[in-house]
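Going down the list, the sequences are from chains L and P.
282 is the number that the numbering used here gives to position 155 of the first sequence; each next residue is one higher, with no gaps.
631 is the number that the numbering used here gives to position 141 of the second sequence; each next residue is one higher, with no gaps.
Notes for the one structure printed next.
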Amino acid sequence: MSELTAWERQLLVREKTRPTVNDYIPLIFDEFYELHGDRLYGDDAAIMGGIGRIDDQPVTILAEVKGRDLNENKKTNFAMPHPEGYRKALRLAKQAEKFHRPVVCFIDTPGAFCGIEAEERGQGEAIARNIMEFMRLKTPVISVVLGEGGSGGALALGVCDKLGMLENALYSVISPRGCASILWKDASREHEACDVLHITAEDMVKFGVAEGIIEEPNGSAEHDVYKTAENIKDFLVDSLKENLRKDIDILLEQRYTKFRKIGEFTE
Amino acid sequence: MSNIFNVVSKRFNSGSSEPENKNNVKNNIPDNLFFKCPRCRTVVPRYTYRDVNRVCPNCNYHGRLTAQQRIALTVDKGSFREIDGGMMSRDPIDFPDYTKKQQALRESTGLKDAIITGEARIRRIPVMIGVMDTRYMMASMGSVVGEKITRTIETATRKKMPVIMFTASGGARMQEGIVSLMQMAKTSGAVAKHNEAGQLYITVLTDPTTGGVTASFASLGDIIIAEPKVLVGFAGRRVIEGTIKQRLPDDFQLAEFLLDKGFVDMIVERKRMRSVLSHLMTLHGYKKIED
Ligand SMILES: [Zn+2]
């Protein structure tokens, strides 16, 4: 378990040296063929999709892509997807369903992109549709948060049978900066907002959002990307095995129930 | 009264800068006496605005209603049966002042949270209905909003009934942390099952529908209706302006913009809403009940 504070983790996952999905894919999967485009508008590099193999199991892979340098980030828009990114993910998820192939999602985004074109092309609709369709997708879905799980932009790849969090990864309804500027009218107090929001891997397990915490060697993924990849792979292989055994109706009912029971109220 | 009104409108038409206008609103116009249209900036006496069901007489902007007002305008008189009326949110992440804020809002609005749900009839057709109310924390979606919507839709699935959701929201409720984000999944899951059961789901987007509500059940209607000139979007206007460093056009994210871009089926005026809803339900085979 990470010994860092939420704020320290926030700084850590934003570091340029933090491994991204592009570092992990060759270490986790034996093959990977990237598939492009949403067939509606374009190809959003913020979300990468494709087919690969993990041990002997073919899987569809969907991933939010942080760049490793400014050039890559220009291409992937700092992992802030446009609607066509989410629609590509949905297209490939439906394809996975057709071929009875499980889906593996990697979440790593500050959030869905906020811009004119994203609004014009229905950012809200794209995320909503993904959430609804993934809820009923007739094949196992396993997701892992690698770094930042930014709000609806993360949830669009986060409706799954099992969610794993890298031990320093975060998942939040609003960016700590956004929270600080609403709460105290002072964005610079984001370090305090990190604590207030309860966004750590342990918090996610406590609220029933995540089922597993994936260890980062010596407290940080960048210390040993090979070992981190191995740990992620172990989580994926176990989770796939567990969920591929299930009858599809039971799988869907359990997925529904997982989200159905989250909420704290009195009557 | 009309004198005050003239003076005020002159002031607004004098072309002075925005911030000054804003101050004038605060300093000179008693908020409860006048309504200033957020779209065309026309100022009308509040009683006039009320008399026309809160529609701007100048530009047809359809203003905000309380949930009770909306229900009274929409469903058959005396037909509404509220469900889960006593449900109240806990404070899952001990968020600063959340409990206190809710207590104050419960007293000032009489609401327990930001949505009223129940069973009703529209022109004698039974329907499950949910109406969000922006007076309560900008109708943000936390545990209670999520749970009540989910139960409303689940009941409709069980009883083979249509669902009509009047949406309005600032988005997910930050004060409940990740729990609020998960309400997007929960409500969308319920919509999916209602959909699989072959039942009709209509969403009516009212002012304003944004954030996590736009990105979940609001955008998933079989038929999506919007009221004229209401604001609907995912990202907040100011957030986008901050990103692009320029002012957005006035019609950005209004209902008419969404219609143009293909994200709503139709724009329906308040006065025709009951009629349109009842006809759409009839076209989907839902029967009127004879008393
Ligand atoms: Zn107006």
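Don't be surprised by glycine CBs; every beta carbon is placed ideally from N, CA and C.
Keep in mind the model is a prediction, meaning the values are calculated, not measured.
Residue range 328-333 is occupied by the alpha helix (DSSP H) that includes V332 (chain L), with no beta strand (DSSP E) assigned at that position.
Here A680 (chain P) has T640, I643, E644 as same chain residues with Cβ atoms under 6 Å from its own Cβ, once five neighbours each way along the sequence are excluded. T144 (chain L) places its beta carbon 9 Å or farther from that of K193 (chain L).
Under the Cβ criterion of 9 Å, K719 (chain P) is not counted among the residues facing chain L. A Cβ of chain L is located within less than 9 Å of the beta carbon of R663 (chain P).
Beyond the five residues adjoining it in sequence on each side, V669 (chain P) comes within less than 8 Å, by CB distance, of P582, I583, G632, S633 in the same chain, given in chain order.
Selection around ligand 1 by beta-carbon proximity, strictly under 6 Å to any non-hydrogen atom, yields P:C527, P:R529, P:C530, P:T532, P:C546, P:N548, P:C549, P:Y551 in chain order. Note on geometry: alpha-carbon atoms of Q137 (chain L) and P303 (chain L) lie some 9 Å from one another. In terms of CA proximity to A255 (chain L), L:L282 leads the group L:L219, L:L154, L:A356, L:L282. Scanning the segment 633-666 of chain P for uninterrupted beta strand (DSSP E) segments of 3 residues or longer gives 653-659, listed from N- to C-terminal end. Our two residues, D603 (chain P) and Y537 (chain P), have alpha carbons roughly 27 Å apart in a direct line.
The beta carbon of V766 (chain P) lies closer than 6 Å to those of V758 in the same chain, with the five residues before and after it left out. Pairing H552 (chain P) with E717 (chain P) gives a Cβ-Cβ distance under 9 Å. In the three-state reduction of the DSSP assignment, R529 (chain P) falls in the coil class. Within the segment 134-146 of chain L, no residue places its CB atom closer than 9 Å to a CB of chain P. The Cβ neighbour count for V542 (chain P), taken over all protein chains shown within 10 Å, is under 16; the residue is labelled exposed. Chain-ordered, the chain P residues with CB closer than 8 Å to the CB of M262 (chain L) read A675, S678, G679, A682. Of the other Cβ atoms in all chains shown, 16 or more fall within 10 Å of the Cβ of P210 (chain L); this residue is therefore buried.
When DSSP states are grouped into helix, strand and coil, M175 (chain L) belongs to the strand group. Counting C-beta atoms within 10 angstroms of its own C-beta, N257 (chain L) has 16 or more neighbours from the protein chains shown and is therefore classed as buried. Straight across, the Cα-Cα distance linking A216 (chain L) with E191 (chain L) is about 10 Å. P:T564 is the residue among P:T564, P:Y539, P:T733 whose C-alpha sits nearest the C-alpha of I615 (chain P). Taking C-beta separations shorter than 6 Å and ignoring five residues to either side along the sequence, the partners of I152 (chain L) in its chain run F159, following chain order.
In chain order, G636, I639, T640, S706, F707 place their CB closer than 6 Å to the CB of T677 (chain P), counting only its own chain and leaving out the 5 sequence neighbours on each side.
Residues I269, K289 of the same chain have their beta carbon placed closer than 6 Å to that of S366 (chain L), with the five preceding and five following residues left out of the count. Under the three-state reduction of DSSP, Y160 (chain L) is assigned to strand.
Counting C-beta atoms within 10 angstroms of its own C-beta, K202 (chain L) has fewer than 16 neighbours from the protein chains shown and is therefore classed as exposed. When the five nearest sequence neighbours on each side are left out, the beta carbons in the same chain lying within less than 8 Å of the beta carbon of S308 (chain L) are those of A314, in order along the chain.
Restricting attention to P:F656, P:A629, P:T532, the CA atom closest to the CA of M618 (chain P) is found in P:F656. Proximity of chain L to P586 (chain P) at the Cβ level (cut-off 8 Å) is accounted for by L310, V323, in chain order.
A direct Cα-to-Cα measurement between F585 (chain P) and Q592 (chain P) gives close to 12 Å.
Contact with chain P is found for E391 (chain L), since one of that chain's Cβ atoms lies less than 9 Å from the residue's Cβ. Against chain L, a Cβ distance below 8 Å from E637 (chain P) picks out G390, F392.
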